[in-house]
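Protein chains in written order, with my numbering: chain A, 2 to 157; chain B, 3 to 592. A short write-up of the structure that comes next.
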Amino acid sequence: MLMPAPVPPRGLRQQIVRKALADRRRRQRPRFWVAAALAASVVVALLIARNRLANQRPVPEEPAVARVPIDQSVREAREALASIVNRTKDEALNQGRVLLPKPLPDMPMVSAGWGNSWTGPIGSLRETGHGLSTTLEPVVSSADRAVHLFLRDQKQ
Amino acid sequence: MKFLQPALAIMPQFARIRLRSVVGILLGAVIVAQATAARAASPRDELLRLVPEDVGFCLVIQDLRGQLDSFLNSRFYERFRSSPLYRTLRHGPDADQFVAAQKQLLEALHTSWPELRDEIFGDAVVISYRPALGKDKKPEQGLILVRARKADLLRELVNRLNDVQANEIKIDKRSHAGAEYFQRDDARGTHFVYVRGSLLALSPNEDALEQLIDRDQAAAGAGVPPLVQQLEKLGAAEALATLWINPRIFEAEMERHAEHARGSDAILHRAIMTYWKALEGIALSFSLEPQGAELRLTFRTEPKRLPEPARQFLTAETKPSELWSRFPENAILTVAGRMNTGEWNSFLGTFMDPKSRGDLRDQLNRKASAALGDNVVDDILPFLGPDWGFCIAAPPGGRPEWFPHMAWALRVQRGKTNPPVDQSLVNMLKAFAGIMVFAYNMNHAGDDELALRSLKRDGAEINYLKNDKQFPPGFQPAFGLKDGYLIIASSPQAIDALGRAGATTKAMPAGVPLLRLSVVQLSRFLEERKDILADHIAEKHRITKEEASRHLNFVREALALFESVEFSQQPSVDRISLALRVRTADPLKR
Chain A
2 MLMPAPVPPR GLRQQIVRKA LADRRRRQRP RFWVAAALAA SVVVALLIAR
52 NRLANQRPVP EEPAVARVPI DQSVREAREA LASIVNRTKD EALNQGRVLL
102 PKPLPDMPMV SAGWGNSWTG PIGSLRETGH GLSTTLEPVV SSADRAVHLF
152 LRDQKQ
Chain B
3 MKFLQPALAI MPQFARIRLR SVVGILLGAV IVAQATAARA ASPRDELLRL
53 VPEDVGFCLV IQDLRGQLDS FLNSRFYERF RSSPLYRTLR HGPDADQFVA
103 AQKQLLEALH TSWPELRDEI FGDAVVISYR PALGKDKKPE QGLILVRARK
153 ADLLRELVNR LNDVQANEIK IDKRSHAGAE YFQRDDARGT HFVYVRGSLL
203 ALSPNEDALE QLIDRDQAAA GAGVPPLVQQ LEKLGAAEAL ATLWINPRIF
253 EAEMERHAEH ARGSDAILHR AIMTYWKALE GIALSFSLEP QGAELRLTFR
303 TEPKRLPEPA RQFLTAETKP SELWSRFPEN AILTVAGRMN TGEWNSFLGT
353 FMDPKSRGDL RDQLNRKASA ALGDNVVDDI LPFLGPDWGF CIAAPPGGRP
403 EWFPHMAWAL RVQRGKTNPP VDQSLVNMLK AFAGIMVFAY NMNHAGDDEL
453 ALRSLKRDGA EINYLKNDKQ FPPGFQPAFG LKDGYLIIAS SPQAIDALGR
503 AGATTKAMPA GVPLLRLSVV QLSRFLEERK DILADHIAEK HRITKEEASR
553 HLNFVREALA LFESVEFSQQ PSVDRISLAL RVRTADPLKR
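This is how it looks when you write it as structure tokens:
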């Protein structure tokens with residue numbers, strides 16, 4: 002025996018349509034806020050960018066750049082730096098020098114100049130340092146020239 | 003199909019191996035590609051590609067941004083800012099002048115030091131110089147190259163500089179090979195400037211700049227620049243700053259100098275030239291490391307070009323002196339090495355002609371014969387060394403003797419003579435000490451007399467000089483033999499402090515150590531004896547004790563920043579490296 006066909010309650014169709022529309026509105030609400038937030042961000046970003054561009058635009062009339070002699074500033078900075086380094090070095094050395102022990106009393110054998118009596122080949126060995134510096138002179142003088150060239154302090 | 007079964011059985015294994023190989027090859031290829039890309043992208047390499055090969059000097063500074071950032075955020079820098087050294091640096095009219103000049107400069111350019119440091123100079127800076135030497139006498143050339151991180155900012159800064167100096171300089175636009183550059187003239191000279199993207203090139207020579215433009219246009223896709231290869235071979239490729247010296251460029255001029263020398267000078271010059279020609283490159287590099295800073299001088303040689311004695315001397319197996327394990331644990335300063343007198347003799351002989359060598363030998367024998375016998379060169383010298391060293395250590399606390407223990411030690415063998423070599427040397431020192439005492443006491447009397455005394459230690463005789471009036475507390479110069487070493491020391495106690503081999507287990511500097519200054523031990527010594535030292539300083543310099551204490555405090559506070567200073571040799575087949583390393587108490591890098 003067959004069951005009787007189910008009969009939908011009255012107004013079901015309207016109820017479904019109403020609920021579907023409500024659900025759609027509910028789901029669309031966040032999207033709206035997201036879209037609104039994005040739009041606001043874009044507007045804010047555009048405003049910031051506009052302000053920045055306006056600030057960056059060159060304004061020739063404004064005498065903002067002081068005509069400072071750059072070379073003079075560089076020279077002063079260089080001299081000041083050299084002075085700072087020398088002063089700090091002197092200060093540190095002077096403070097440390099007090100720690101050095103008192104010189105020993107004159108010892109006859111030490112001060113007799115015993116080493117000076119070595120002449121001839123040993124003397125020439127002593128002169129090896131001098132010979133080395135003579136042979137290396139092109140290297141040393143080139144280094145000196147290079148420093149002067151880059152510091153624009155031409156040495157003729 | 004049965005015959006296929008074994009093959010089928012190993013197929014999965016074979017496939018796995020194949021797959022592994024393929025993956026391995028692919029990974030390798032990716033790594034190589036990345037390495038190549040990284041190399042190609044290195045700002046330093048980009049600049050070094052533009053440096054001509056005939057430069058004499060080349061200074062390379064790289065990664066200033068990263069290194070300085072790490073340094074400025076380190077614990078060391080934080081501590082340094084509260085040290086007296088920093089206060090000295092920052093206070094003074096010159097410091098104010100520096101700040102004012104720097105501010106004026108930066109304001110004029112609308113920039114800041116961090117921006118300049120990070121965006122303009124932060125990647126790489128190269129300065130090269132070619133001297134006007136040699137037969138062709140090419141004019142000297144200098145180049146400054148900068149590889150900025152922000153090309154726009156670089157261009158903007160150059161324009162601003164020109165704008166700010168508009169009244170002081172004259173600018174002419176010029177071009178070469180389709181590239182534009184400009185000439186700047188001012189009261190002090192002319193230089194030429196080329197800007198392309200992130201590259202800034204400056205030179206006082208127009209030729210140099212035009213050649214650079216040619217190299218710049220031809221450089222794309224070239225291999226590893228020769229200068230980078232040189233730095234890699236010298237082990238200086240990663241340093242923060244490296245000065246590279248090209249020995250070849252100076253060779254002709256040095257030869258010319260050598261040609262003018264006569265007699266023994268000529269032999270000396272020729273010997274020096276032989277060594278110079280064997281040099282492939284020299285690098286002086288500076289690196290910041292987490293534990294400290296290192297300054298390293300490296301010579302790269304071609305051993306085949308060296309004279310045989312020099313090759314043996316320079317490439318001989320080098321190892322730390324045994325004295326590193328004998329000097330006391332609390333040593334403030336230790337200097338120790340090994341010297342084979344035979345090899346030294348042959349090496350020094352290369353600087354002399356046979357006649358001079360013979361004369362030197364005769365003179366040595368004649369001078370020392372009274373004390374050491376007739377044939378010092380053959381009977382004594384071969385039995386000296388190889389270990390030698392010097393040490394300064396704090397004396398034990400709780401005593402009035404504050405003078406540091408000092409000891410100089412030389413390994414001496416007994417040799418074949420009678421008396422033995424070690425005893426002959428002690429006898430010689432004893433004779434000298436006796437003469438010294440006699441001569442001193444001729445002019446001094448009473449409690450100012452000098453006395454030569456002796457005592458026994460483990461059966462060995464220790465001789466020492468005594469003068470309580472003139473010598474500071476703890477100073478009694480002494481000498482004697484101990485464990486195969488001839489020792490000259492500041493007192494008999496300093497000789498006692500020298501331990502047996504392996505007695506000390508302190509951390510050794512890397513490579514072959516030659517010198518170590520322990521700042522920690524020095525600070526401890528100053529701290530433990532600050533009162534005695536303040537009294538001594540006040541008396542010596544005729545100042546108040548408070549003033550002397552202030553001096554001491556300054557030194558102690560400055561020393562507290564550091565742990566040690568080490569000097570060592572890093573031997574290798576074709577390189578001789580000497581490294582000076584300053585270790586800091588706190589990490590030098592973030």
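Quick reminder that beta carbons are idealized off the backbone N, C-alpha and C, glycines included. Computed from a predicted structure; not experimentally measured.
Buried or exposed: which applies to residue i, given that a residue is buried once 16 or more other Cβ atoms fall within 10 Å of its Cβ?
i	result
residue 218 of chain B	buried
residue 58 of chain B	buried
residue 565 of chain B	buried
residue 141 of chain A	exposed
residue 244 of chain B	buried
residue 294 of chain B	buried
residue 74 of chain A	buried
residue 462 of chain B	exposed
residue 372 of chain B	exposed
residue 585 of chain B	buried
residue 334 of chain B	buried
residue 520 of chain B	buried
residue 204 of chain B	buried
residue 274 of chain B	buried
residue 101 of chain B	exposed
residue 199 of chain B	exposed
residue 24 of chain A	exposed
residue 212 of chain B	buried
residue 166 of chain B	buried
Skipping 5 residues on each side, what residues in its chain have a beta carbon closer than 6 Å to that of residue i?
i	result
residue 382 of chain B	374, 423
residue 351 of chain B	359
residue 412 of chain B	390, 488
residue 370 of chain B	378
residue 48 of chain A	Low per-residue confidence applies at residue 48 of chain A: pLDDT is 47, beneath 50, and the placement is therefore not dependable enough to give any value.
Please return the same chain residues whose Cβ sits closer than 8 Å to the Cβ of residue i, not counting the five positions on each side in sequence.
i	result
residue 471 of chain B	449, 450
residue 464 of chain B	456, 457, 458, 480, 481, 482, 494, 497
residue 499 of chain B	330, 395, 407, 409
residue 376 of chain B	367
residue 17 of chain A	none
residue 540 of chain B	546, 547, 549, 550
residue 620 of chain B	Residue 620 of chain B lies beyond the range of chain B shown here (3 to 592); nothing can be said about it.
Can you tell which of the options has its C-alpha closest to the C-alpha of residue i?
i	options	result
residue 247 of chain B	B:525, B:283, B:276, B:230	B:283
residue 418 of chain B	B:378, B:444, B:440	B:378
residue 560 of chain B	B:107, B:72, B:81	B:81
residue 563 of chain B	B:71, B:536, B:541, B:589	B:589
residue 548 of chain B	B:429, B:558, B:536, B:568	B:536
residue 266 of chain B	B:210, B:199, B:361	B:361
residue 523 of chain B	B:398, B:152, B:452	B:398
residue 170 of chain B	A:72, A:78, A:79	A:72
residue 302 of chain B	B:580, B:200, B:74, B:592	B:580
residue 337 of chain B	B:61, B:490, B:515, B:120	B:515
residue 296 of chain B	B:568, B:587, B:573	B:568
residue 582 of chain B	B:555, B:433, B:518	B:518
residue 235 of chain B	B:541, B:285, B:105, B:384	B:285
residue 152 of chain B	B:119, B:184, B:349	B:119
Residue i and residue j look like a contact to me (Cβ under 8 Å); what is the Cβ gap, rounded to whole Å?
i	j	result
residue 52 of chain B	residue 214 of chain B	5 Å
residue 439 of chain B	residue 427 of chain B	At roughly 19 Å, the Cβ-Cβ gap does not stay under 8 Å, so residue 439 of chain B and residue 427 of chain B are not in contact.
residue 135 of chain B	residue 63 of chain B	Contact doesn't hold; Cβ gap of about 25 Å is too wide.
residue 309 of chain B	residue 276 of chain B	6 Å
residue 388 of chain B	residue 341 of chain B	6 Å
residue 89 of chain A	residue 87 of chain B	7 Å
Once the 5 residues before and after residue i are set aside, which same chain residues still bring their CB inside 7 Å of it?
i	result
residue 241 of chain B	287, 288, 289
residue 197 of chain B	156, 157, 160
residue 208 of chain B	194
residue 558 of chain B	525, 528, 529
residue 534 of chain B	404
residue 107 of chain B	none
Discussion item. For the stretch 123 to 132 of chain B against the stretch 185 to 195 of chain B, do three or more pairs of beta-carbon atoms, one drawn from each stretch, fall closer than 8 Å, so that the two count as touching?
Written reply: no
Discussion item. Along the stretch 73 to 86 of chain A, where does the CB come closer than 9 Å to a CB of chain E? Name the residues.
Written reply: Any reference to chain E falls outside this structure, whose protein chains are A and B.
Discussion item. Whether or not the stretch 144 to 153 of chain B and the stretch 127 to 136 of chain B are in contact is what I'm after, with contact meaning three or more pairs of Cβ atoms, one per stretch, closer than 8 Å; do they touch?
Written reply: yes
Worksheet entry | Cβ contact (3+ pairs, closer than 8 Å) linking the stretch 83 to 91 of chain A and the stretch 91 to 99 of chain B | yes
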